[in-house]
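Peer 1:
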C-alpha cells in the first residue's frame with residue numbers, strides 16, 4: 203500500500219519532468235547549439251538511468267557504460283556506411299551487439315564471483331581495451347573518424363537537418379529507460395537485485411539466483427545504452443574509437459551514485475544538475491575561466507557526499523521514521 | 466509424529482588445510498522435528514550448515530534432502546527445494562525496510578499477485594507489523610534476528626536452519642523467540658534445526674540433539690540423555706576431576 207503510494211509519487215514527478223522536457227525545444231528551438239547542449243545532458247541522463255539497473259539496484263559498480271555506447275554506435279554506423287541499413291534498424295542491432303558483448307563479459311565475471319572493486323576495475327579496463335581494438339581495427343574503426351553518409355532531411359538515414367528531432371529521440375529513450383527502471387524496481391527482479399546488492403550470500407539462501415539476476419540486469423543496461431549509442435553516432439554524424447571513453451564511463455557511475463543508488467529518478471536528477479551545470483558553465487565561462495566548471499562540479503560532489511550520502515534524490519524521498527527504541531519495545535510486549 | 470526423514474548426511478567431511486572442520490558426520494533429521502545442534506566453539510556447527518545449504522562444497526560425503534542429492538547444488542536451488550537458513554552474524558538488507566526484506570524471501574514460492582499475502586502472514590506471525598516500514602539499519606538486534614527468521618520462513622521452507630538466533634538476546638526476548646519458533650513448527654510443519662549456545666533454548670525447544678566436537682558427531686539423543694552424556698560434558702567442561710554429580714535435564 204505504502205509501496206503504491208511511493209510509486210504514484212514517483213510517477214507524478216516523472217510526468218512533471220516530462221512536460222517540461224517536451225516544452226524545452228519550444229523555448230530554445232531557435233538556437234541549435236542550445237538544443238545540442240540539452241540533448242547532451244539528456245544522453246547522460248539516459249546512461250545514468252540505465253546504469254542504475256546494474257549499479258544502483260544490483261550494487262555492481264560498472265564502469266563500462268561507454269563500451270556499450272561505442273558498440274551501439276559502431277554497429278549502427280558501420281551498417282549504415284557499408285550496407286546503407288537504416289539506423290532505425292541499426293539501433294536495435296546496436297543494442298543487441300552491446301547485449302551480446304555484455305553477456306560475453308558478464309558470464310565469466312559472475313561465474314568467477316568477480317565483484318565490488320574487482321568488478322569495477324575489470325569493466326573499467328574493458329572500455330580502454332575496446333578503444334585500442336577499434337583504433338587498430340582498420341576495416342571498421344581506425345584512428346580517423348568515419349563519417350556517416352549525409353543526406354539532409356532523410357528520415358531513412360536518421361538525418362533531420364536540426365537537432366530537435368534528436369532531442370525528442372533521446373527524450374524517448376530516457377522515458378523508456380525510466381519506465382524499465384521503475385518496472386524493475388517494483389518487481390521481483392528489483393527486490394532480488396537490491397537484496398543481492400546488499401548481501402549476496404543472504405540473497406542466495408533466500409532463493410535468489412544471484413548470477414542469473416545480475417546477468418539480466420546487465421542485459422537491460424547494455425541494451426538501453428547500446429541503442430542510445432546508435433542515436434549518439436547519428437547526432438554527431440561520425441563514429442570514432444574515442445567513443446569508448448573510460449573517464450566519462452566513470453562519470454556515469456558518479457552520476458548514478460550522487461543521484462541516489464537504486465532510486466529510479468535519482469541518476470537523472472544528478473545528470474540534470476551536474477552535467478547541466480557543467481555544460482552551462484562550459485558554454486558561458488569556458489572561454490574566460492577554463493576549468494572553473496570542474497571546480498564547481500567538484501564542490502557539488504563534495505556537498506552531496508557530505509550531506510546526502512544516499513544521493514540527491516533522498517531530498518524528495520519519503521523518509522522512514524527512525525524507530526524510537528522504547529516505543530518499539532512497548533509495542534512488542536503488548 | 467511422522468518418522469519420514471527429510472535430511473540425511475553421510476560421511477560429510479570438510480577440510481580447511483590441515484584442519485578438519487567437519488569429520489565424517491552422519492546424521493538424519495526427520496520431518497517436523499525440532500533438532501538442536503550443539504558443540505563448543507569451533508566444533509564445526511556453522512561449517513556443517515554451510516555444507517548443507519550449499520554455501521560450501523564438502524570434500525567427501527553426501528547430503529540428501531527429500532531424496533535428492535544436493536551435495537553440489539547451489540544455495541538458491543537448494544532454497545527452491547525447500548531449505549533456508551539464518552546466519553550467526555545477522556546478514557541484513559540494511560537499506561531495505563522490514564517489509565521489503567521479507568518480500569525478498571516470499572518471492573521464492575509466490576508470484577507478484579500472491580507475494581503480499583505471504584509477506585503479511587510473516588509480518589503478523591512474527592509480530593513485526595508495527596515496524597514494517599522501518600529500515601533494517603535502524604533496528605536493534607532482537608528485531609533484526611526476528612526479521613531474519615521471518616524472511617527465511619517466508620521462503621516457505623520445509624527445513625529451516627537457525628544459526629544462533631538466540632545469541633545476544635535478553636532472557637525475555639529469548640523466551641518470546643522460543644515460543645514463536647515452537648509455534649512456527651506446530652502451525653507450518655516446518656522442520657527446524659537450531660545451532661545454539663544458549664542451553665536454555667536448546668533444552669527447552671528441541672526434541673533431539675546432536676553434539677559436535679572438533680568436527681565429529683560425538684552424541685545424539687533426547688535432551689535429558691545429552692545432558693547426562695559423559696562425552697558431551699567432557700567436551701564442554703573438560704574431564705571431570707570428581708566422579709558423580711547430578712545434572713539437570
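Chains as they are written, first to last, in the working numbering: chain A, 203 to 536; chain B, 466 to 714. Every residue, glycine too, gets a C-beta built ideally from N, C-alpha and C.
Between residue 303 of chain A and the rest of its own chain, which residues show a CB-CB distance below 8 Å, the 5 nearest in sequence each way excluded?
Peer 2: Only 269, 270, 273, 424 meet the Cβ criterion.
Peer 1: In the DSSP assignment, find the alpha helix (DSSP H) that holds residue 632 of chain B and state where it starts and stops.
Peer 2: Residue 632 of chain B -> no alpha helix (DSSP H), and no H or E assigned at all.
Peer 1: Applying the criterion that 16 or more other CB atoms from any shown protein chain within 10 Å of the CB defines a buried residue, is residue 654 of chain B buried or exposed?
Peer 2: The residue is exposed, with fewer than 16 neighbouring Cβ atoms inside 10 Å.
Peer 1: Report the start-end ranges of each alpha helix (DSSP H) in the region 639-711 of chain B that is 4 residues or longer and not cut off at the edges.
Peer 2: Listed in chain order, the complete alpha helix (DSSP H) runs (minimum 4 residues) inside the region 639-711 of chain B are 664-670, 688-692, 695-702.
Peer 1: Give the DSSP-derived three-state secondary structure of residue 342 of chain A in the structure shown.
Peer 2: Residue state, collapsed to three classes: coil.
Peer 1: Based on the DSSP output, what are the partners of residue 349 of chain A in its beta bridges?
Peer 2: Answer by DSSP bridge pairing, in chain order: A/440.
Peer 1: Would you call the region 440-452 of chain A and the region 324-331 of chain A in contact, with 3 or more CB pairs under 8 Å?
Peer 2: Because the criterion of three Cβ pairs below 8 Å is met, the region 440-452 of chain A and the region 324-331 of chain A touch.
Peer 1: Suppose the cutoff is 7 Å on Cβ atoms and the five residues either side in sequence are ignored; what does the same chain contact list for residue 479 of chain B look like?
Peer 2: Once the five neighbours on either side are set aside, the close Cβ partners of residue 479 of chain B are 486, 487, 512, 516, 521, 523, 524.
Peer 1: At which residues does the beta strand (DSSP E) containing residue 489 of chain B begin and terminate?
Peer 2: That run of the beta strand (DSSP E) goes 484-495.
Peer 1: Using CA coordinates, which residue listed in A/390, A/368, A/419, A/263 is at the minimum distance from residue 437 of chain A?
Peer 2: Nearest option by C-alpha distance: A/368.
Peer 1: Buried or exposed for residue 232 of chain A, please, with buried defined as at least 16 other CB atoms from any protein chain shown within 10 angstroms of its CB.
Peer 2: Classification for residue 232 of chain A: exposed.
Peer 1: Rounded to a whole number of angstroms, what is the C-alpha to C-alpha distance between residue 342 of chain A and residue 533 of chain B?
Peer 2: Those two C-alpha atoms are separated by around 53 Å.
Peer 1: Do you know how far the Cα of residue 699 of chain B is from the Cα of residue 474 of chain B?
Peer 2: In a straight line, the C-alpha of residue 474 of chain B is about 25 Å away from that of residue 699 of chain B.
Peer 1: Using 8 Å as the limit for Cβ to Cβ distance, is residue 531 of chain B near chain A?
Peer 2: Chain A contact via Cβ: absent.
Peer 1: DSSP puts residue 529 of chain B in a beta bridge; with which residues?
Peer 2: DSSP, once it has assigned bridges, lists B/473, B/534 as partnering residue 529 of chain B.
Peer 1: Using the DSSP secondary-structure output, state which residues sit across from residue 478 of chain B in a beta bridge.
Peer 2: In the DSSP output, where bridge partners are listed per residue, residue 478 of chain B has B/525.
Peer 1: When DSSP labels each residue in this structure, what does residue 333 of chain A get in the three-state scheme?
Peer 2: Of the three classes helix, strand and coil, the one that applies to residue 333 of chain A here is helix, per DSSP.
Peer 1: How big is the Cα-Cα spacing for residue 619 of chain B and residue 650 of chain B?
Peer 2: Answer to the nearest angstrom: the Cα atoms are 14 Å apart.
Peer 1: Whose CA, out of A/345, A/422, A/358, lies closest to the CA of residue 383 of chain A?
Peer 2: The candidate whose alpha carbon is nearest that of residue 383 of chain A is A/422.
Peer 1: Out of B/665, B/645, B/667, which has the shortest C-alpha to C-alpha gap to residue 590 of chain B?
Peer 2: Closest by alpha carbon: B/645.
Peer 1: If the cut is a Cβ gap below 7 Å, which residues of chain B does residue 312 of chain A touch?
Peer 2: Going along chain B, no residue has its Cβ under 7 Å from residue 312 of chain A, so there is no contact; the nearest lies around 12 Å.
Peer 1: Whether or not the region 497-505 of chain A and the region 476-487 of chain A are in contact is what I'm after, with contact meaning three or more pairs of Cβ atoms, one per stretch, closer than 8 Å; do they touch?
Peer 2: A contact exists between the region 476-487 of chain A and the region 497-505 of chain A.
Peer 1: Tell whether a beta-carbon distance below 8 Å holds between residue 660 of chain B and residue 627 of chain B.
Peer 2: Yes, Cβ-Cβ distance for residue 660 of chain B and residue 627 of chain B is below 8 Å.
Peer 1: If you pair each beta-carbon of the region 398-416 of chain A with each one of the region 543-558 of chain B, do three or more pairs fall below 8 Å?
Peer 2: Yes, they touch.
Peer 1: 8 Å is my cut-off, CB to CB: does residue 544 of chain B come that close to chain A?
Peer 2: Yes, its Cβ sits closer than 8 Å to a Cβ of chain A.
Peer 1: Could you tell me how far apart the beta carbons of residue 499 of chain B and residue 672 of chain B are, in whole angstroms, since I believe they sit closer than 8 Å?
Peer 2: About 5 Å separates the two Cβ atoms, so the contact holds.
Peer 1: Check the Cβ-Cβ distances between residue 395 of chain A and every residue of chain B, and say whether any is below 8 Å.
Peer 2: It does not: the Cβ of residue 395 of chain A has no partner Cβ on chain B nearer than 8 Å.
Peer 1: Can you look up residue 549 of chain B in the DSSP assignment and give me helix, strand or coil?
Peer 2: Looking at residue 549 of chain B - three-state DSSP - the assignment turns out to be strand.
Peer 1: Go through its chain and collect everything with a Cβ distance to residue 663 of chain B's Cβ below 6 Å, but skip five positions before and after it.
Peer 2: So the qualifying residues of the chain are 631.
Peer 1: Exposed or buried, which one is residue 222 of chain A when buried takes at least 16 other CB atoms within 10 Å?
Peer 2: Under this definition residue 222 of chain A is an exposed residue.
Peer 1: Spell out whether any CB of chain B is found under 8 Å from the CB atom of residue 405 of chain A.
Peer 2: Chain B contact via Cβ: present.
Peer 1: Please report the straight-line C-alpha distance between residue 575 of chain B and residue 494 of chain A, rounded to a whole angstrom.
Peer 2: If I take the Cα positions, the gap works out to 54 Å.
Peer 1: CA-CA distance, residue 483 of chain B and residue 506 of chain B?
Peer 2: Their backbone Cα atoms lie some 18 Å apart in a straight line.
Peer 1: By the DSSP assignment, the beta strand (DSSP E) with residue 502 of chain B in it spans what residues?
Peer 2: From DSSP, the beta strand (DSSP E) with residue 502 of chain B extends over 499-503.
Peer 1: Can you give me the C-alpha to C-alpha distance between residue 287 of chain A and residue 431 of chain A, rounded to a whole angstrom?
Peer 2: If I take the Cα positions, the gap works out to 16 Å.
Peer 1: Please go through the region 460-522 of chain A and give each complete alpha helix (DSSP H) segment of 4 or more residues, from N-terminal end onward.
Peer 2: Listed in chain order, they are 468-472, 478-487, 494-509.
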